[in-house]
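Undergrad: Quick one: structure below, then a few questions.
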Amino acid sequence: MTAVGEESALASADGRGSRARPQGFRPPGWLHPLVVAASIIPFVWVAYAFYSDLVNNTRLLTSEPIKEAEHFTGKWALRFLLVCLAVTPLMRIIGLGWLVKYRRTFGLIAFGYAVVHLGIYFGLDIELMWSNLVEDVLDRLYITLGMLALLLMVPLAITSTKGWIKRLGNKKWNALHRLVYVSGVLGVIHFYMAVKRDVREPLLYGAILAASFGYRWFWNRRETQRRQMTALAR
Ligand code: HEM
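Laid out in structure tokens, this is it:
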């Protein structure tokens with residue numbers, strides 16, 4: 449979702465010019481569809497496991513298939529969101545500018561998993577009871593935060609097209625798409641609060657998020673200094 453795969457947008461989700469321009473290497477045309485197909489494997493698996501548990505009485509999703517499917521899709525939503533946020537630092541560190549195209553893909557896939565996660569919670573866990581949904585959102589902080597994380601992803605998914613970049617202009621579009629960081633932080637806190645005992649995984653995701661922020665901060669500072677030096681040298 450952040451910084452869609454356009455060159456203009458590359459200039460960048462930080463609102464500053466990126467030096468990670470697409471290099472000479474162009475990835476083969478089949479790579480993108482392959483990445484998309486690989487990204488939906490967890491969804492296909494959980495859908496199959498759920499069906500099998502229901503129809504064939506298997507225990508692929510333990511004895512609580514709804515809860516398990518809820519957790520599974522929530523985790524994948526967060527993983528893809530983190531991957532989406534890691535693309536920019538990775539592009540800059542290893543100089544693979546063409547990766548920019550994948551930021552949008554991973555962001556949209558994260559959004560897809562989050563919608564399925566909400567669908568499982570609302571449709572199967574609380575069985576379409578609007579009153580329970582409202583009660584949960586108001587009374588359980590981790591659900592409030594999860595809901596916020598998802599709501600913030602909606603405008604990002606909608607405006608992730610080339611047309612919207614043009615309509616909003618780079619500056620406004622980049623500012624709007626910075627919301628993806630907020631969504632990431634809320635997602636990690638939501639995860640941390642949702643797990644009852646073993647918090648190692650949410651802490652690991654928090655560390656990945658912090659490393660991604662840290663790198664951006666460091667890079668932005670270096671760029672500012674570089675610009676100041678260039679201006680002074682003139
Ligand atoms: C509409 C918004 C959301 C609602 C209502 C919601 C609801 C829930 C619920 C009920 C659980 C299970 C907690 C339990 O078993 O006690 C959960 C877990 C989780 N959710 Fe969400 N969630 C939402 C959005 C999100 C988003 C946007 C993400 C990721 C970016 C996310 C990631 C997770 C994760 C990682 C878990 C924990 C999985 C585990 O314990 O293994 N959720 N969520």
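The sequence shown runs 449 to 682 under our numbering. For every residue, glycine included, the Cβ atom is placed at its ideal position computed from N, Cα and C. Here the structure is a predicted model, which means the values were calculated and not measured.
#1: State the DSSP-derived secondary structure class of T553, mapped to helix, strand or coil.
#2: Suppose contacts are defined by Cβ-Cβ distances below 8 Å. Is L572 in contact with I514 by that definition?
#3: Taking all protein chains shown into account, decide if T521 is buried (16 or more other Cβ within 10 angstroms of its Cβ) or exposed.
#4: In terms of residue numbering, what span does the alpha helix (DSSP H) encompassing V503 cover?
#5: Taking buried to mean at least 16 other C-beta atoms within 10 Å of its own C-beta, is A485 buried or exposed?
#6: Hey, how far is the Cα of K619 from the Cα of A681?
#7: Straight-line CA distance for G477 to V483?
#8: Does the segment 496-505 come close enough to the segment 535-548 to have 3 or more Cβ pairs within less than 8 Å?
#9: Could you pull the start and end residues of the alpha helix (DSSP H) that M601 belongs to?
#10: In terms of alpha-carbon separation, which member of G635, G560 and Y629 lies closest to L651?
#11: Considering only their Cβ atoms, is the gap separating S631 from M595 smaller than 8 Å?
#12: Which residue comes first and which comes last in the alpha helix (DSSP H) that contains T609?
#13: So R390 is in the alpha helix (DSSP H); what residue range does that whole segment cover?
#14: From the DSSP output, in three-state form, read off E583 for me.
#15: Contact check, Y629 vs F639 under 8 Å by CB: the rounded distance?
#16: Tell me, to the nearest whole angstrom, how far the beta carbon of A558 is from that of F528; I am working on the premise that it is less than 8 Å.
#17: Looking only at C-alpha atoms, which of V531, M577, K549 and L581 sits nearest to A659?
#18: Is it buried or exposed for V564, if we count other Cβ within 10 angstroms and need 16 for buried?
#19: From the DSSP output, in three-state form, read off K619 for me.
TA: The structure says:
#1: Counting from one through the sequence shown, the residue named residue 553 turns up at place 105. T553 falls in the helix class under three-state DSSP.
#2: Looking up residue 572 in the sequence shown gives position 124. Looking up residue 514 in the sequence shown gives position 66. Contact flag set, yes.
#3: The residue given as residue 521 occupies position 73 in the sequence shown. With 16 or more other Cβ atoms within 10 Å, it is buried.
#4: Position 55 of the sequence shown, counted from the first residue, corresponds to residue 503. Residues I489 to V503.
#5: Counting from one through the sequence shown, the residue named residue 485 turns up at place 37. Result: exposed.
#6: Your numbering for residue 619 matches position 171 in the sequence shown. Your numbering for residue 681 matches position 233 in the sequence shown. Whole-angstrom Cα-Cα distance: 27 Å.
#7: Reading the sequence shown from its first residue, position 29 is the one you call residue 477. Reading the sequence shown from its first residue, position 35 is the one you call residue 483. Their Cα atoms are separated by approximately 11 Å.
#8: no
#9: By 1-based counting over the sequence shown, the position of residue 601 is 153. Element bounds for M601: L589 to I606.
#10: Here the question's residue 651 lines up with position 203 in the sequence shown. It is G635 whose Cα lies nearest to the Cα of L651.
#11: Translated into positions along the sequence shown, residue 595 becomes position 147. Translated into positions along the sequence shown, residue 631 becomes position 183. Going by C-beta atoms, M595 is not nearer than 8 Å to S631.
#12: Translated into the one-based positions of the sequence shown, residue 609 becomes position 161. Careful: T609 lies outside any alpha helix (DSSP H) and carries neither H nor E.
#13: Residue 390 lies beyond the stretch modelled for the chain, which goes from 449 to 682, so this question has no answer here.
#14: Sequence index remark: in the sequence shown, residue 583 carries index 135 (1-based). It is helical.
#15: Taking the sequence shown and counting its residues from 1, the one referred to as residue 629 is at position 181. Taking the sequence shown and counting its residues from 1, the one referred to as residue 639 is at position 191. Going by Cβ atoms, the distance from Y629 to F639 rounds to 16 Å, so no, they are not a contact pair.
#16: One-based indexing of the sequence shown puts residue 558 at position 110. One-based indexing of the sequence shown puts residue 528 at position 80. About 4 Å separates the two Cβ atoms, so the contact holds.
#17: As a working mapping, residue 659 is identified with position 211 in the sequence shown. If we check each option's Cα against that of A659, V531 comes out closest.
#18: Position 116 of the sequence shown, counted from the first residue, corresponds to residue 564. V564 comes out buried.
#19: Numbered from 1 along the sequence shown, position 171 holds the residue referred to as residue 619. Note: K619 maps to helix in three-state DSSP.
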